[in-house]
Amino acid sequence: MLHTFAALPMVEESVLTGLSETKAARLENEIEQIYRQTHAAICSYVRCLGVPQSQTQEVAQEVYLRLYQTMRKGEEILNVRAWLFRAAHNLSLNVRSREKPFRSLNPEWERFTALTVESPERAMLDREKARKVQSALETLSPQQRNCLYLRSEGLRYREIAEVMGISPNSVNEFLRRAISRLAEAVNA
Amino acid sequence: MLKHSGSSPHISDADLIRFADGELSVKAVTATETHLRTCRKCGTRLDELKRGADSYDLYHAQLLRPSLELPQAWSSVAERLTAPKTQRRQAFPTATMRWAAAAALVCCCLVITWFLYRESPTRRMQQLLTRAAVAPTPRHRRVEIIANGLTWYRPARLEGESAHRPATDERGLEETRALFAKANYSWDDPLSARSFAAWRRNLPSRRDHVFSIQDGPGINRFYRLQTETPAGVLRMAALTLRADTLSPVKGAFHFEHQTNVTIEDAGEMPEPPGKLETQNNRPLARRALVKEVGPAEELRVFAALDAIGADVGELVSVDIAASKQQIIVAGVGLSPDRERQIRQAVAGMPNTEARFTSGQATALASRSATAGSSAPAGVDAPLRHTLEQKAGGAQQFQAIVDKVLDASSAILQRAHALYVLAEKFSPPVASQFGQPEQETLRSLRRRHAIAIEQATAELKGALVPLLNTTAAAPDETQNQRNTSWELGAAQLYEEAKALDGSLGRILAGTYSEEAGQRTWNKLPDEIQTLEALAVSQEKAP
């Protein structure tokens, strides 16, 4: 499999060798903390972007490797979470298959019902609503879905814009269309 | 900075979403909160958008994310962090290696493309026939057979007795049937990929062609599979398949001695299969037929018209023909563009025909029906002077009048549309519907009701300077007595007509001082009643 990651250049080896062992261990520890807090979100986002499951782990690992290299270089990262999503976004776009995102996903409906089961009626309503949401999502463009995804991950519009390489106004417009469509679906 | 939608005084959806997401500036948040305190429409819209966004958040947190997560231990990442550079590069090769691999891949692609291209027609046809043979084929369809300058209709597939014993009406087709038998081409199922493939497979020599055809820009795409052979009586057969479903729509057969036969899909059969119909004794050649149309089909036509806003205030009527086999969409005095839009909206709907006539419109729900009977505007009356003073001058008064009458017209049109739905799809009729149709009806009703509420809010807002009162909230309890929505719809229509009449008279007509004052005093109650009826329509099950 051929990979090209033009958006994030490889770090020179000389940079990596210039760090003391203590600092390297501290940095590794820091990365581990970040990894534990963000890995699930990053992995899911990579899969959401259409990367096959078989390649998801590899892409996610590469994201943290890039983070490690960047931090070792001493570059300041103001918002690590947004940075990770951006790296995941760029890497995923390069390696994703032609498979359309969402189509290949098979949501775990049983798990969903189990999680929301206050009462059978409530579970049925939630499930019905979730099906409406899924149907509406299938009518959205990939950008609209990505904006929604990142918004639900707690990113601000400015951060979503950075991740996706678009303007905050475009993010607002994508979200407007997406949420209007969802509102139409669930309020019908 | 807050943006309002167009010339509307309301907040745009984009800003409402930004407001809900905490993405507006402090100043804009204050302005939005102030607006939301007085604008019910924006408040309702904000709630709708929030419900949409919240539903996704729930779906995201409880279904999507858990479905996508993959377990991975930190140790595997830690190994890669500390691994030597060369090892990392095994997974992500160097630029040189990547270029070499890319070049090799391009070469492979070129070779494969050339190979595929060399054999494409036969391979492509094989692939399409294999896929088309297993594609689901609708039953009870019929075909149109054109041979010797005559047209016959028969079931697409002859089964059971009809397959072995030709019907008497098929006499004119004996010769054609014999030709197909001689060519070893199935006469029982001539318009199918399987029959075409079976005939093609047994040919000693053949030449295949595959054409991709498009009706027009953005319209249906088809494949035409054509096989020619120098042997046998059938020299050329071509099968046209829809590109999306791979269902056959047309077959063209060229026999020796210049005999041509064309077989086309003629839609579903209007009656049970088995009997042939000839053009002479039954001239029914319409496409996409169903046995009989009913309220469910009529409702689908309403929904299609609603999608283009043609069920509201248009001079369009929808009715089931007396034969019960057709839905007639009739329009009078519409522009050619509107006629085209309506034709497009109902195109492809079974047994539906759009008919348009030009000429003077006979408005059903036009404001002119009520206001038109009045004398010209601008009559000198004390009440009018008072209203002009309240509005701040004649020009401002006229602007208010225009706005109010527009809103009233919109209310009347929607109320009429709702009334038509109530007339056609009363609860006994709707109870026969399946779940999707009931949902469609509910959605149509709700949209009309919401539109009435919005127009009423606009009307109230416009009248505020003249009435010297703030817009009162609708009194929903007023109409709790209405137990069925169709009675409410009829009452709503009557109220809308009455209100439109009052507004027409008071703002653009003539009246005595006493009558004018009486009408004017009634207005707030009329508006409130109408709004309450609209709210109860929206909430009706």
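If you're matching them up, the sequences are chains A and B in order.
Per the numbering used here, residue 103 is the first one in the first sequence, and the count goes up by one each step.
Per the numbering used here, residue 1373 is the first one in the second sequence, and the count goes up by one each step.
C-beta: ideal position from N, C-alpha, C; glycine also.
Predicted model, so just to flag it, every value in this text is computed and none were measured.
(request) Could you list the residues in the stretch 1408–1426 of chain B with a C-beta less than 7 Å from some C-beta on chain A, going in chain order? (result) 1420, 1421, 1423, 1424 and 1425
(message) Once DSSP output is grouped into helix, strand and coil, what is the label at residue 1696/B?
(response) coil
(request) Indicate the three-state DSSP secondary structure (helix, strand or coil) for residue 262/A in the structure shown. (result) Looking at residue 262/A - three-state DSSP - the assignment turns out to be helix.
(message) Please classify residue 1757/B as buried or exposed, where buried requires at least 16 other C-beta atoms within 10 Å of its C-beta.
(response) exposed
(message) Please report whether the beta-carbon of residue 1907/B lies at a distance below 7 Å from any beta-carbon of chain A.
(response) No, because no Cβ of chain A sits closer than 7 Å to the Cβ of residue 1907/B.
(request) Could you tell me whether any Cβ in chain A is nearer than 7 Å to the Cβ of residue 1386/B? (result) At least one chain A Cβ lies under 7 Å of residue 1386/B.
(request) Can you say whether residue 179/A is buried or exposed, counting buried as having 16 or more other CB atoms within 10 angstroms of its CB? (result) exposed
(request) Would you check if the distance between the CB atom of residue 161/A and the CB atom of residue 153/A is smaller than 7 Å? (result) Going by C-beta atoms, residue 161/A is nearer than 7 Å to residue 153/A.
(message) Less than 7 Å between CB atoms is the rule here; does residue 1788/B satisfy it with respect to chain A?
(response) no
(message) Using only the alpha-carbon positions, how far apart do residue 1419/B and residue 1617/B sit?
(response) Rounded to the nearest angstrom, the gap between the Cα atoms of residue 1419/B and residue 1617/B is 41 Å.
(request) Could you tell me which of 1596/B, 1820/B and 1514/B sits nearest to residue 1497/B, measuring between CA atoms? (result) Here the closest residue by C-alpha is 1596/B.
(request) Inspect the CB distances between the stretch 226–235 of chain A and the stretch 267–277 of chain A and report whether three or more fall short of 8 Å. (result) As far as the Cβ criterion goes, the stretch 226–235 of chain A does not touch the stretch 267–277 of chain A, which means the pair count is below three.
(message) DSSP three-state label for residue 1637/B, please.
(response) strand
(request) Please name the residue, chosen from 1717/B, 1398/B, 1410/B and 1888/B, that lies closest to residue 1680/B on a Cα-to-Cα basis. (result) 1717/B
(request) Flag residue 167/A as yes if its beta-carbon sits less than 7 Å from any beta-carbon of chain B, otherwise no. (result) yes
(request) Indicate whether at least one CB of chain A lies closer than 7 Å to the CB of residue 1817/B. (result) Not closer than 7 Å to any Cβ of chain A, the Cβ of residue 1817/B fails to qualify, so no.
(request) Kindly list, in the order they appear in chain B, the residues whose Cβ is closer than 9 Å to that of residue 231/A. (result) Here the neighbours are 1427, 1430 and 1431.
(request) State the DSSP-derived secondary structure class of residue 1811/B, mapped to helix, strand or coil. (result) helix
(request) List the residues of chain A that residue 1389/B touches, going by C-beta distances under 8 Å, in chain order. (result) 274, 277, 278 and 281
(request) Please look up how many angstroms separate the CB atoms of residue 277/A and residue 249/A, rounded, as I've assumed it's under 8 Å. (result) 5 Å
(message) Just to confirm, is the Cβ distance from residue 1790/B to residue 1694/B under 7 Å?
(response) no
(request) Measure from the alpha carbon of residue 1905/B to the alpha carbon of each residue in 1867/B, 1887/B and 1886/B, then state which is nearest. (result) 1867/B
(request) Could you list which residues in chain B have their beta carbon closer than 7 Å to that of residue 250/A, in chain order? (result) 1428
(message) So, for residue 1378/B: in the same chain, excluding its five sequence neighbours on each side, which residues have a beta-carbon less than 7 Å away from its beta-carbon?
(response) Note on residue 1378/B: pLDDT 47, under 50, position unreliable in the model; the coordinate value appears next. Result list for residue 1378/B: empty, nothing under 7 Å.
(message) Starting from residue 1530/B, trace the beta strand (DSSP E) in both directions and tell me its first and last residue.
(response) From DSSP, residue 1530/B is part of no beta strand (DSSP E); its letter is neither H nor E.
(request) Give the range of the alpha helix (DSSP H) segment to which residue 290/A is assigned. (result) Premise fails: residue 290/A is in no alpha helix (DSSP H) and is neither H nor E.
(request) Assign residue 1622/B to one of three DSSP states: helix, strand, or coil. (result) strand
(request) Would you kindly check if the distance between the Cβ of residue 1565/B and the Cβ of residue 1615/B is under 7 Å? (result) no
(message) Taking 7 Å as the threshold (beta carbon to beta carbon), is residue 237/A in contact with chain B?
(response) no
(message) Given a cut-off of 7 Å on the beta-carbon distance, is the pair residue 1609/B and residue 1625/B in contact?
(response) yes
(message) Please return the same chain residues whose Cβ sits closer than 7 Å to the Cβ of residue 1671/B, not counting the five positions on each side in sequence.
(response) When the five nearest sequence neighbours on each side are left out, the beta carbons in the same chain lying within less than 7 Å of the beta carbon of residue 1671/B are those of 1797, 1809, 1812 and 1813, in order along the chain.
(request) Kindly identify the DSSP beta-bridge partner or partners of residue 1608/B. (result) 1600/B and 1626/B
(request) Could you check if residue 237/A is buried or exposed, using at least 16 other CB atoms within 10 Å of its CB as the buried criterion? (result) By the 10 Å Cβ count, residue 237/A comes out exposed.
(request) Check each candidate in 1391/B, 1384/B, 1398/B and 1412/B and name the one with the smallest Cα separation from residue 1903/B. (result) 1412/B
(request) Provide the residue span of the alpha helix (DSSP H) that contains residue 1678/B, from first to last. (result) 1667–1679
(message) Does chain B have any CB closer than 7 Å to the CB of residue 288/A?
(response) yes
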